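In what follows, a structure is listed as structure tokens, so that the remarks can point back to it.
2 protein chains.
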Amino acid sequence: MDDTVRQHKYLLTEDQMPTTWYNLAADLPTPMPPPLHPGRMDPVGPEDLAPLFPMELIMQEVSTDRYIEIPGGVLDVYRHWRPSPLFRAHALERALGTPARIYYKYEGVSPAGSHKPNTSVPQAYYNAKEGTKKLTTETGAGQWGTALAYACALYDMECEVWQVGASYDAKPYRRLMMETFGATLHRSPSDLTEIGRKLAQDPANWSGSLGMAISEAVEVAAQDPNTRYALGSVLNHVLLHQTVIGEEALLQMEMAGDTPTMIVGCTGGGSNFAGLSFPFMREKLAGRINPQIMAVEPASCPTLTRGVYAYDFGDTAGMTPLMKMHTLGHDFVPDPIHAGGLRYHGMAPMISHVYELGLLDAVSVPQTECFSAALQFARTEGIVPAPEPTHAIAIAIREALKAKETGEETVILTALCGHGHFDLAAYENYLSGAMVDEDVTDERFAESLSHLPVVPA
Amino acid sequence: MDDTVRQHKYLLTEDQMPTTWYNLAADLPTPMPPPLHPGRMDPVGPEDLAPLFPMELIMQEVSTDRYIEIPGGVLDVYRHWRPSPLFRAHALERALGTPARIYYKYEGVSPAGSHKPNTSVPQAYYNAKEGTKKLTTETGAGQWGTALAYACALYDMECEVWQVGASYDAKPYRRLMMETFGATLHRSPSDLTEIGRKLAQDPANWSGSLGMAISEAVEVAAQDPNTRYALGSVLNHVLLHQTVIGEEALLQMEMAGDTPTMIVGCTGGGSNFAGLSFPFMREKLAGRINPQIMAVEPASCPTLTRGVYAYDFGDTAGMTPLMKMHTLGHDFVPDPIHAGGLRYHGMAPMISHVYELGLLDAVSVPQTECFSAALQFARTEGIVPAPEPTHAIAIAIREALKAKETGEETVILTALCGHGHFDLAAYENYLSGAMVDEDVTDERFAESLSHLPVVPA
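Going line by line, the protein sequences match chains A and B. Residues in the first sequence are numbered from 10 upward in steps of one, following the numbering used here. Residues in the second sequence are numbered from 10 upward in steps of one, following the numbering used here.
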């Protein structure tokens, strides 16, 4: 028996928790292209967004201040689970026989079991402060809906969630979790909205998509002055709130006496990836460290590696502003058998922008490799990952095995953005041998890519 | 908005984790009655237990040493999630408007999501050390089976689990979690064992019970010299391993600068309750503190409050030694609609013994009060509790509301022994209004109580 006692966790005290969010916009070598109004096709102003968001969040969306103070009420809630732990994956490293050192920042300790409450709490806080009575939103795999349901319970607001049809059907426990926190759930496309009824006429839309669910949630919010809308990823202010992850990880890597040579994060809309990597990107831009920064996306929804960089709508119906981003087309419907989240047709504009600037790399992974990595991770580290972070784990394992061949002491830092307690049907799919890899032919992506809106020069 | 920033968590470093388990047997005012051989009806010796348990655990079972060293290999695994956090329930206190201060020790951060790995890991460790190739066990709600599956994965042992039929049917995700860790699951009663086939002939046994599942797991282990059996509660060595909970909580209450006036824990077999309370009982017996210690059990399986203190079998078939304990009779089958664990027909002999000595109080709670308390807890503290600890939460809330009336500054410490991510069907049952309280008539318990074995004086 191996009786060596190792340090597995690097923990910060509540007083060591960052009290500001970091805004990468302040350090961008070139500014981001502005979002455009979906009707006028010219840059949107704060007043265009006011029916959907409270003013404080709109100001954060366009801010170029480097640091934005986290309000006391938000800090107080963060402290329920933050600072989150940073783990050294000793057991996984041993199983791989690698000289690489693997660290993972674990966000599954939050009430929703993912990184999403980092932004649902401030979004609910600012809305409550400005008098909002109800928030509407979309959710895919369900982590965002759960996070917003929790945050609304804290501030006594109603919460109404449109969940992507395929996930709603496959994950009854996720729905129950949101209901336990007091939210109301709808299967999207629903018959509660004009756009939902229209979409439901085409059977191809029955499995739903994030884009469709966003359209429904936005439609309802826009019609009631006491109701606003909340988005769980993509937007600048969402990425901003997630930077607590990376700020903590910087301090924790210092505690561990180690410097990452590679940062690996999964990307759907991009909020988890940005949360981990942006504070490290600040340090990299300042020349203090030089890690490779790698975005990992599913082969079934490869926005960075197979999409185009263009203005596109954030939702299926074209109700949201146009954003310049890597997109597969706003009516792209990802394969419903794919088990995880990470199924948004576009990528956060800020991540798209820095990807264009060459500040990060991107790679896509097929789902069987993800779940094979997930099993090895669960059976060594003891945590069953959500399908989303299995993408990053798969690449971390690839890199650790590469290091085994070269003998290099690669230091890998990844974000384990959530646990998979509500995603075990996907594990069953893999364990039973039924899971197959995604269709990654050009034809799979061609049609929606041909539907991009035309934007005047 | 309330912008007060409070301290929510009291965290210990890995180096502050206890390195010994505490054995209450060393401090008992009178010794415990010995277990009896099921055939001979005389006290069992170590050789009687050797086919089922490794010698190191048998020695712990009968030890009267006050402290037993935790092996390095076990400490190293504990450090994956231990020390576990102690939380101050500020948000719940505010919602209740109580002057009481409520603390909860949270064990849901473990790989299995409950306190069970505290003992599954050392049990697997000692078995692996003595050459065991496979462990068999029973599981009810599934937390124990998950914990043993995880521990066996770490030490490359096979794990075969018989799950109580009603839980197996109602909780497919629990089964998948055990399979993800590599275990093999069977619905109990099964056709894989002689006793299972015999029990299955009576349709009344179809929903299963822990006693039946234990019989099956013991039968299989007894037949193969490379296979041993592991129990998740009840036995002295199991309670011993769980004392890390209370030892940590003692240090954390000190960090918080507070002393509990009341310790509240849920009791099924008793391992979570013992784990939290025994180190505090040591301090109480030594006259250093004087908290009331309260065991809370479900109205559907009230061993302490409605059972008798007598020698009884640990399993349905009468294959295990007889233990003197509070029991409802070894063939008691609790109501299958009750959602949680805590459904064992007996109580840990050591807890039964100290209950007889007047060192603790006991109370039972109906299930609707538990789930009402659980919802209030989830919507304030952000953690969805497993059904088991909702019993303790319900009593903590009762006591906090009592303090509100009297103005007393009661300091309540409870153990939140696991999360409810696999138990949301029970929440749905409550939220939909379908849940009703248990049958607590004398008739409900009379028959099994009339089947107690006759033990020669």
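Ideal placement from N, C-alpha and C gives every residue a C-beta, glycine not left out. Owing to the predicted nature of the structure, the values given are computational and were not obtained by experimental measurement.
Span of the beta strand (DSSP E) around residue i
i: Arg291 of chain A; result: No beta strand (DSSP E) holds Arg291 of chain A; the alpha helix (DSSP H) holding it covers Ser280 to Leu294.
i: Tyr113 of chain B; result: Arg110 to Tyr115
i: Thr146 of chain A; result: Lys143 to Thr148
i: Ala319 of chain A; result: Val317 to Phe322
i: Leu219 of chain A; result: First-last for Leu219 of chain A: Leu219 to Ala231, but that is the alpha helix (DSSP H), not the beta strand (DSSP E).
Short CB-CB distance (under 8 Å) between residue i and chain A
i: Thr270 of chain B; result: no
i: Tyr31 of chain B; result: no
i: Gly327 of chain B; result: no
i: Gly323 of chain B; result: no
i: Gly241 of chain B; result: no
Chain-ordered neighbours of residue i on chain B, where CB pairs are closer than 7 Å
i: Asp178 of chain A; result: Those within 7 Å of Asp178 of chain A in chain B number zero; the least Cβ separation is about 15 Å.
i: Gly106 of chain A; result: By Cβ distance, chain B contributes nothing, its closest Cβ being about 15 Å from Gly106 of chain A, past 7 Å.
Cutoff 8 Å: residue i Cβ touching any chain B Cβ
i: Met68 of chain A; result: no
i: Glu225 of chain A; result: no
i: Phe287 of chain A; result: no
i: Glu116 of chain A; result: no
i: Glu437 of chain A; result: yes
i: Lys138 of chain A; result: yes
i: Leu208 of chain A; result: no
i: Asp85 of chain A; result: yes
i: Pro475 of chain A; result: Absent from the model: residue 475 of chain A. The displayed extent of chain A is 10 to 466, so no value can be given.
Span of the alpha helix (DSSP H), counted from its first residue to its last, around residue i
i: Trp90 of chain A; result: Counting along the chain, Trp90 of chain A falls outside any alpha helix (DSSP H), and DSSP gives it neither H nor E.
i: Trp171 of chain B; result: No alpha helix (DSSP H) contains Trp171 of chain B, which is instead part of the beta strand (DSSP E) from Glu167 to Val173.
i: Glu257 of chain B; result: Asn245 to Met264
i: Asp57 of chain A; result: Pro55 to Leu58
i: Gly274 of chain A; result: Premise fails: Gly274 of chain A lies in the beta strand (DSSP E), Met271 to Cys275, not in any alpha helix (DSSP H).
i: Val71 of chain A; result: Met64 to Val71
i: Asp432 of chain A; result: Premise fails: Asp432 of chain A is in no alpha helix (DSSP H) and is neither H nor E.
i: Gly130 of chain A; result: Going by the sequence as given, residue 130 of chain A is Val instead of Gly. Counting along the chain, the alpha helix (DSSP H) containing Val130 of chain A begins and ends at Pro126 to Lys138.
Within chain C, partners of residue i - CB distance below 8 Å
i: Met166 of chain A; result: Absent from the structure: chain C. Protein chains present are A and B.
Amino acids of chain B, ordered along the chain, whose beta-carbon sits closer than 9 Å to that of residue i
i: Glu102 of chain A; result: Chain B residues near Glu102 of chain A: none, gap ~13 Å exceeds 9 Å.
i: His430 of chain A; result: Gly122, Tyr182, Met186, His428, His430 and Phe431
Contacts that residue i makes with chain B (C-beta to C-beta distance below 8 Å)
i: Arg88 of chain A; result: Val14, Arg15, Gln16, His17 and Lys18
i: Gly191 of chain A; result: Arg388
Chain A contact residues for residue i, given Cβ-Cβ distances below 7 Å
i: Ile267 of chain B; result: Inspection of the sequence shows that residue 267 of chain B is occupied by Asp rather than by Ile. What Asp267 of chain B touches in chain A: nothing, since even the nearest Cβ is about 17 Å away.
i: Glu188 of chain B; result: Leu440
Contact list for residue i against chain A, beta-carbon separation under 8 Å
i: Tyr134 of chain B; result: Met10
i: Pro63 of chain B; result: Ordered by position in chain A, no residue passes the 8 Å Cβ test against Pro63 of chain B, which lies about 12 Å from the chain.
- prompt: Listed in chain order, which residues of the region 377–401 of chain A have Cβ atoms closer than 9 Å to some Cβ of chain B?
  reply: Taking 9 Å as the Cβ-Cβ cut-off against chain B, the residues of the region 377–401 of chain A that qualify are Ala383, Leu384, Ala387, Arg388, Thr389, Glu390, Gly391, Ile392 and Val393.
query: If you pair each beta-carbon of the region 229–239 of chain A with each one of the region 266–280 of chain A, do three or more pairs fall below 8 Å?
result: These segments do not touch.
- prompt: Contact between the region 272–288 of chain B and the region 243–260 of chain B: three or more CB pairs below 8 Å?
  reply: Proximity of the region 272–288 of chain B to the region 243–260 of chain B meets the contact definition, three or more beta-carbon pairs being nearer than 8 Å.
At least 3 beta-carbon pairs within less than 8 Å: the region 83–92 of chain B vs the region 21–38 of chain B: Flag = yes, the region 83–92 of chain B and the region 21–38 of chain B touch.
message: So, does the region 168–183 of chain B touch the region 99–116 of chain B, judging by three or more C-beta pairs under 8 Å?
response: Taking 8 Å as the limit for Cβ pairs, the verdict is that the region 99–116 of chain B does not touch the region 168–183 of chain B.
task: Note down, in chain order, all residues in the region 23–52 of chain A with a beta-carbon under 8 Å from any beta-carbon belonging to chain B.
output: Residues Glu23.
field: Residues in the region 145–166 of chain A having any Cβ partner in chain B nearer than 7 Å
entry: Those would be Tyr159 and Ala162, in chain order.
message: Counting beta carbon pairs with one atom in the region 178–193 of chain A and one in the region 419–434 of chain A, are three or more of them shorter than 8 Å?
response: Yes, the region 419–434 of chain A is in contact with the region 178–193 of chain A.
- request: Evaluate contact between the region 303–318 of chain A and the region 154–165 of chain A, counting only Cβ atoms and requiring at least three cross-stretch pairs below 8 Å.
  value: These segments do not touch.
task: Using a Cβ-Cβ cut-off of less than 7 Å, give me the residues of the region 330–354 of chain B that come near chain A, in sequence order.
output: Under the 7 Å Cβ criterion, the region 330–354 of chain B contributes no residue.
query: At a cut of 8 Å, does the region 400–409 of chain A reach the region 440–453 of chain A through at least three beta carbon pairs?
result: These segments do not touch.
message: Count Cβ pairs between the region 122–142 of chain B and the region 410–430 of chain B that sit closer than 8 Å; are there 3 or more?
response: Because the criterion of three Cβ pairs below 8 Å is met, the region 122–142 of chain B and the region 410–430 of chain B touch.
- prompt: Any contact of the region 185–196 of chain A with the region 436–445 of chain B, i.e. 3+ C-beta pairs under 8 Å?
  reply: With the cut-off at 8 Å, the region 185–196 of chain A and the region 436–445 of chain B touch.
The region 276–292 of chain B / the region 358–367 of chain B touching (three or more Cβ pairs under 8 Å): Taking a cut-off of 8 Å on C-beta distances, the region 276–292 of chain B touches the region 358–367 of chain B, as three or more cross pairs fall below it.
task: Specify whether the region 217–225 of chain A and the region 187–206 of chain A touch according to this definition: at least 3 beta carbon pairs, one from each stretch, less than 8 Å apart.
output: Three or more Cβ pairs closer than 8 Å define a contact, and the region 217–225 of chain A meets that threshold against the region 187–206 of chain A.
message: For the pair the region 66–81 of chain B and the region 379–391 of chain B, tell me if three or more CB-CB distances fall below 8 Å.
response: No, the region 66–81 of chain B is not in contact with the region 379–391 of chain B.
Contact between the region 131–144 of chain B and the region 164–173 of chain B (3+ Cβ pairs under 8 Å): Judged by Cβ distances under 8 Å, the region 131–144 of chain B makes contact with the region 164–173 of chain B, as three or more pairs qualify.
- request: Report yes or no: do three or more beta-carbon pairs, one from the region 57–67 of chain A and one from the region 14–21 of chain A, lie closer than 8 Å?
  value: Judged by pairs of C-beta atoms under 8 Å, the region 57–67 of chain A does not touch the region 14–21 of chain A, as fewer than three such pairs exist.
- prompt: If we count Cβ pairs, one from each stretch, closer than 8 Å, do we get three or more for the region 364–382 of chain B versus the region 291–309 of chain B?
  reply: Yes: at least three Cβ pairs fall under 8 Å.
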